[in-house]
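Since the structure comes first, as structure tokens, the remarks are kept for the end.
2 protein chains.
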Amino acid sequence: MISETFKAMLSGKSVIRELSEQAARMANADPAHPVEIFDYSLGNPSVPAPAVVNEKMIDLLRNEDPMLVHGYSPSLGIPSVKEKLAASLNRRFGMNYKGTDIFPTSGAAGALAHAFRLVTKPGDTILTFAPYFPEYGPYVIPTGCQFKTVPADTKNFQINFDALEEALTPDVMALLINTPNNPSGAMYSEETLRQLAEFLLLREKEFGHEIWLISDEPYREIVFDGKKAPYVSSFYARTLSCYSFSKSLSLPGERIGYLAVNPACGCSDMLVQMCGQISRGIGHNCPSSLMQLTVADTCDLTSDLSVYETNMNLLYDALTDLGLEIVRPGGTFYMMPKCPEADSNAFSRKALKYNLVLVPCDTFALPGYFRIAYCTDTEKVIRSLDAFRRFIKTEY
Amino acid sequence: MISETFKAMLSGKSVIRELSEQAARMANADPAHPVEIFDYSLGNPSVPAPAVVNEKMIDLLRNEDPMLVHGYSPSLGIPSVKEKLAASLNRRFGMNYKGTDIFPTSGAAGALAHAFRLVTKPGDTILTFAPYFPEYGPYVIPTGCQFKTVPADTKNFQINFDALEEALTPDVMALLINTPNNPSGAMYSEETLRQLAEFLLLREKEFGHEIWLISDEPYREIVFDGKKAPYVSSFYARTLSCYSFSKSLSLPGERIGYLAVNPACGCSDMLVQMCGQISRGIGHNCPSSLMQLTVADTCDLTSDLSVYETNMNLLYDALTDLGLEIVRPGGTFYMMPKCPEADSNAFSRKALKYNLVLVPCDTFALPGYFRIAYCTDTEKVIRSLDAFRRFIKTEY
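From first to last, the protein sequence lines are chains U and A. Numbering-wise (the working numbering), the first sequence opens with residue -7 and increments by one. Numbering-wise (the working numbering), the second sequence opens with residue -7 and increments by one.
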């Protein structure tokens, strides 16, 4: 019988995708008079992968044994690849990973699917902070865990520790964080992470069980103002770092990332071996051998990410000039201003009249805000500023 | 807390992998005197991908927009790719697929993970036939379904319909078949498939619910004696065909395949859309965009698969001459002779003394048989024949 569970999910439409489709329809409504639509809905990298990525791939395809390049990866990933990924993390973040602490995955989504199952059982609770990436719900639900959220710290999108203290009950086995953050663009400070680690250790003692930190960090390399993102795992031993090369190397379609288990947790070898077991049950297996071999040699590089910072500054300055309240992003290619009216859906609908596609943050569990995904051409951002001005000045 | 379920799975070792590791140790035991080990344990393609696959990949990397080649695939797969895959199936098997009936997956394992979840709920039963690929158990268990088996038809490894009649109880929602078969090499005849379809339709009426046929067919293109594998889905409308390019194009490491839903089932569009929902919960997303684009243009080709038939004939003739009972394979790169003693583990241990690595079929739910994976060089197969002769003549 056809699954009622997954059938029922078909009616839940993605607001982001619907807006993006509406933008495409608006642009093509009258082919004789094409309209420029400023589509700030989708979080797709707008800069190509560094040339060296394609060169590495072509080199592997031309010069390596095809039985190696296209052959089965061992179920825990290719050992030489794991060692290079570990060495890169150690070099850049002062960590102490061995290759056996790394489990290559199909992007961060694949890493999260393993992380959740590693440290929970059905009935446990996974806690995250609003605002959050709306896929987290559908990612967690099939694990049989409860998915709960801590209210946002809207002052600066760090952590509201009072709210966390209330929300972190004994049924919570894992805390899911995302820094730099989609949708807010906020980056947790060292102080925030230190305080979080101290708090988790206290609660572990109090509850008499481990609490794991699952750190979703695909935006780790997109950081502004010449800063570097504090490396979450260096603050808390029981951290599962879920990484993707989708954003840093602009390879979202290649589905390549990894789960890195902090060896300081004392059981990283076992956890990575357990990932191999989890994979069997969810049809994951390993990511592409070719992509594993490629990122092993390009993991210290990034695409030219400077466009995101340029766009952020243009939008931040223009929108704050218009009187919008915005926590200035520390990284990513998102920002999340407060709407000048309480109903963010109404705000978003009005924006469409000015050819601006802005996502209401109800979908990120923070009504009253909207998200701008500014992964787009800077010239287009500049042209959009006038639309923003007309929109805000006319409607508010 | 660390998952007890997946921790417990660590103690269950793969007999095949252990044998393969033992083979490697034997070969390297004395570096001064290397020994030739005839490792027939692993089912890895032994011929490279056709040159045109790498050429296509290099062409895409050199000449296509990197934002397309490395960009996110739509969650149901790249439409142009789906249309080409459908057209290929229609051309070759007289089917009537549209692109929207095809869901690209990370190999057949990814396709099976979706197929199981599409047509069952926890507590239902998925039925398969002995002998079967030992990963089926770990694939099914996390869906919450029962996994049951029908005893083998050891006469010719078609279907024992008397046994099926007994095993197909009202709790069975899906029947999982694998033709051509790993480990037996048998290929279901048209007559078998016709009889199976008739039987399923009868039982559907009797039980008042649908019974889905999940067809795992990664060996569909490796068929001997100039024949073509009957296309399972053409016999039964409610068929979910799970395909992988791992064997036909020798791309096991690239994790590329698809799920094809027969449109005659009447709800193929919906089922493919449901796959998009299932994906979210198991961390699957889409397979690599580059690989989707590559197989779209190479799906009518295969590697040079003739070596498998050459090897099969050499081994079949030599082993039957030695008095072993074997059902002659119709395809794949496996065969499954009967052991000349009841204890197939003892048989396999004795074979090691003659440098022959043979997998006892207890692991495939058919004790008393052993599997030969003859995906290897023909010259090596020829050299192994003398070892087989000495082994069988000395020990039996």
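For every residue, glycine included, the Cβ atom is placed at its ideal position computed from N, Cα and C.
- Per DSSP, the continuous alpha helix (DSSP H) segment holding U/K76 begins and ends at 71 to 85.
- At a cut-off of 9 Å between beta carbons, A/C259 contacts chain U.
- Chain-order list of chain A residues neighbouring U/T(-3): K113, by C-beta distance under 8 Å.
- Within the same chain, K342, A343, K345, Y346, L348 come within 8 Å of U/F383 by CB-CB distance, once the 5 residues on both sides are set aside.
- When DSSP states are grouped into helix, strand and coil, U/V164 belongs to the strand group.
- U/A122 has a beta carbon lying at 9 Å or more from every beta carbon in chain A.
- Sorting A/R83, A/E183, A/V164 by C-alpha distance to the C-alpha of A/F199 places A/V164 at the top.
- Between U/R212 and U/S240, the alpha-carbon positions lie close to 8 Å from each other.
- Unbroken beta strand (DSSP E) stretches of 3 residues or longer found wholly inside the segment 93 to 176 of chain U: 94 to 97, 117 to 121, 138 to 142, 164 to 169, given in chain order.
- In the structure shown, A/Y326 adopts extended strand secondary structure according to DSSP, grouped into three states.
- Counting only Cβ-Cβ distances below 9 Å, A/E202 has contacts in chain U at M(-7), I(-6), in chain order.
- Judged by their CB atoms, A/P96 and A/Y361 are not nearer to each other than the 9 Å cut-off.
- Membership of U/D313 in the alpha helix (DSSP H) is indicated by the continuous run 298 to 313.
- Per the coordinates, the alpha-carbon of U/D208 lies some 16 Å from the alpha-carbon of U/S181.
- Under the 9 Å criterion on CB atoms, U/D116 is classed as interfacial with respect to chain A.
- Contact with chain U is found for A/E127, since one of that chain's Cβ atoms lies less than 9 Å from the residue's Cβ.
- Taken in chain order, the whole beta strand (DSSP E) runs of length 3 or more contained in the segment 317 to 371 of chain A are 362 to 365.
- DSSP places U/C234 inside the beta strand (DSSP E), whose first and last residues are 231 to 236.
- For A/A256, no beta strand (DSSP E) encloses it, and the DSSP letter there is neither H nor E.
- Close CB contacts of A/R186 within its chain, under the 7 Å cut and outside five residues either way in sequence, are with F227 (chain order).
- Shown here, U/I50 sits in a helix according to DSSP, grouped into three states.
- Boundaries of the alpha helix (DSSP H) harbouring U/L194: 182 to 199, taken from the DSSP string.
- The segment 216 to 233 of chain U makes contact with the segment 73 to 90 of chain U; the number of CB pairs closer than 8 Å reaches 3 or more.
- For U/L192 and U/L167, the gap between their C-alpha atoms comes out near 9 Å.
- The alpha carbon of U/P332 has as its nearest neighbour, out of U/Y388, U/L350, U/D309, the alpha carbon of U/Y388.
- Residue burial is scored here from C-beta neighbours: A/D31 has at least 16 other C-beta atoms within 10 angstroms and is therefore classed as buried.
- Here A/I203 has L160, V164, M165, A166, L167, L192, R195, E196, R230 as same chain residues with Cβ atoms under 8 Å from its own Cβ, once five neighbours each way along the sequence are excluded.
- Listed by position along chain A, the residues whose Cβ is nearer than 8 Å to that of U/E246 are H62, S280, S281, L282.
- Rounded to the nearest angstrom, the Cβ distance from A/T117 to A/K140 is 6 Å, consistent with a contact under 8 Å.
- The three-state secondary structure of U/S242, taken from DSSP, is coil.
- Here U/P321 is not near U/G136, since their CB atoms are 9 Å or more apart.
- For U/N46, the chain A residues whose C-beta falls within less than 8 Å of its own C-beta are L53, R54, P58, listed in chain order.
- Its Cα nearest to that of U/N174, the residue U/P210 stands out among U/K385, U/P210, U/D335.
- Contact note: A/Q269 reaches chain U through F(-2), M1, L2, P130, using a C-beta cutoff of 8 Å and chain order.
- When the alpha-carbon of U/A155 is set against those of U/A189, U/T120, U/G249, the nearest one is in U/T120.
- Cβ contact annotation for A/P359 (same chain, cutoff 7 Å, sequence separation greater than five): S336, C353, in chain order.
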